[in-house]
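Quick notes on the structure that follows.
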Amino acid sequence: MNLCRTIRSQPGQAIALGCGVLLASCGAGPSGDGIDSAIFSDVQVIGSRGNAPGRFVKPRSVAVDRDDNVYVCDMTGRVQKFDPEGNYLLQWQMPEIERGRPKGMALDHEGNIVVVEPHYSRINHFTPEGELVSQWGVHGREKGQLSFPRAVAIEPDGAAYVSEFQIIERLQKFALARGSVQVEIRGAGRGPREFNRAEGLSLDANGKL
């Protein structure tokens, strides 16, 4: 059964949660084995531990496209693509991995796969086939710059939310042109509008972050 479609059929459940379960289960058994879940009626494990195509080394983020294909980036610095049934399709390597590996993925308004590179302070947009179509981000702590970006979420109009941590705990919302910052919220802590290692971002059906 299609994991992502199964999750979509559960009222009030987010697809990111299901894919997180999928990632956490990597290495539990051969691809296709199921695991018990108190939340979902069916949980399918995709892949296993290793460097070969279709396997993972510490998977870090996941995204799902409009056709329910699943994309996973791991500590090898590559992005792998699977069909809705979990069959391996293809992979591509990030432009650079010497400083660090990618973490943070999303689908943009044009159907491209967005991948965050924290150590390079940049955001990459790839076609579903792995072609790099755009790349943006300037390192720094000022408004409109990026300092160790960690997660990304894209609105239907193309605006991008990006979270950052380490030197700065911050959330920024970039307009489609990327040169304009519409929202900036910064501050470390546990109170309202404060952050402590904001690791993930997601938008619901109503556009709420």
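In our numbering, the protein residues as written are -4 to 204.
For each residue, glycine too, the CB sits at the ideal point set by N, CA and C.
Alpha carbon of Cys68 to alpha carbon of Arg44, nearest angstrom: Locating residue 68 in the sequence shown gives position 73, counting from the first residue. Locating residue 44 in the sequence shown gives position 49, counting from the first residue. When rounded, the separation of the alpha-carbon atoms in Cys68 and Arg44 is 13 Å.
Would you call Ile149 buried or exposed, if buried means 16 or more other Cβ atoms sit within 10 Å of its Cβ? Here residue 149 refers to the residue found at position 154 when the sequence shown is read from its first residue. Under the 10 Å beta carbon count, Ile149 is surrounded by 16 or more other beta carbons and is classified as buried.
Pick from Val111, Ile163, Ala101: whose alpha carbon is nearest that of Arg192? Here the question's residue 192 lines up with position 197 in the sequence shown. Nearest option by C-alpha distance: Ile163.
Let me make sure I understand the geometry here. Which of Gly186, Leu198, Asp62 has the alpha-carbon closest to that of Pro123? As a working note, residue 123 is residue 128 in the sequence shown. Ranking Gly186, Leu198, Asp62 by Cα distance to Pro123 puts Asp62 first.
How big is the Cα-Cα spacing for Asp205 and Met70? Look at the range of the chain in this structure, -4 to 204, and you will see that residue 205 is not part of it.
When we look at the beta-carbon of Asn119 and count the other beta-carbons within 10 Å, is it buried (16 or more) or exposed? The sequence position of residue 119 within the sequence shown is 124, counting from 1. Burial call: buried.
Quick one: is Asn82 buried, meaning 16 or more other Cβ sit within 10 Å of its Cβ, or exposed? One-based indexing of the sequence shown puts residue 82 at position 87. Asn82 should be labelled exposed.
Own chain, CB closer than 6 Å to Gly212, minus 5 neighbours either side, in chain order: Any question about residue 212 goes unanswered here, given that the chain covers just -4 to 204.
Span of the beta strand (DSSP E), counted from its first residue to its last, around Tyr209: This structure cannot settle anything about residue 209, because the visible part of the chain is limited to -4 through 204.
Would you kindly work out how many angstroms separate the C-alpha atoms of Val128 and Asp78, rounded to a whole number? Counting from 1 along the sequence shown, the entry for residue 128 is found at position 133. Counting from 1 along the sequence shown, the entry for residue 78 is found at position 83. If you draw a straight line from the Cα of Val128 to the Cα of Asp78, it is about 22 Å long.
Could you pull out every residue in the same chain whose Cβ sits closer than 8 Å to the Cβ of Asn64, ignoring the five residues on either side in sequence? Taking the sequence shown and counting its residues from 1, one reaches residue 64 at position 69. So the qualifying residues of the chain are Lys76, Phe77, Asp78, Pro79, Leu84, Pro123.
Excluding the five sequence neighbours on either side, which residues of its own chain have a C-beta within less than 8 Å of the C-beta of Ala183, listed in chain order? Along the sequence shown, one-based indexing puts residue 183 at 188. Short of 8 Å from the beta carbon of Ala183, and not among the five residues preceding or following it, lie these beta carbons of its own chain, in chain order: Glu164, Glu189, Phe190, Asn191.
Throw me the rounded Cβ distance for the Ala154 and Leu196 pair, which I believe falls under 8 Å. Here residue 154 refers to the residue found at position 159 of the sequence shown. Here residue 196 refers to the residue found at position 201 of the sequence shown. No, Ala154 and Leu196 are not in contact; Cβ-Cβ is about 12 Å, not under 8 Å.
Continuous alpha helix (DSSP H) assignments of at least 4 residues falling wholly in the segment 44 to 106: Counting only runs of 4 or more, we get nothing.
Look at the alpha carbon of Asn46 and the alpha carbon of Val52, and state the distance between them as a whole number of angstroms. Residue mapping note: residue 46 aligns to position 51 of the sequence shown, counting from 1. Residue mapping note: residue 52 aligns to position 57 of the sequence shown, counting from 1. Distance between the alpha carbons of Asn46 and Val52: 7 Å.
Indicate whether at least one CB of chain B lies closer than 8 Å to the CB of Arg44. The structure shown contains no chain B, having only a single protein chain.
C-alpha distance - Tyr156 paired with Lys168, whole-angstrom precision: As a position in the sequence shown, residue 156 is number 161, starting the count at 1. As a position in the sequence shown, residue 168 is number 173, starting the count at 1. Answer to the nearest angstrom: the Cα atoms are 4 Å apart.
With DSSP run on the structure shown, which of helix, strand or coil describes Pro144? Locating residue 144 in the sequence shown gives position 149, where the first residue counts as 1. Secondary structure at Pro144: strand, using DSSP grouped into helix, strand and coil.
Assuming contact is defined by CB atoms lying nearer than 8 Å, are Ser142 and Ser116 in contact in what I supplied? What you label residue 142 is simply residue 147 of the sequence shown in a count that begins at 1. What you label residue 116 is simply residue 121 of the sequence shown in a count that begins at 1. Yes, Cβ-Cβ distance for Ser142 and Ser116 is below 8 Å.
Limits of the beta strand (DSSP E) - the one that Ile180 falls within: As a working mapping, residue 180 is identified with position 185 in the sequence shown. According to the DSSP assignment, Ile180 belongs to the beta strand (DSSP E) that extends over 176 to 181.
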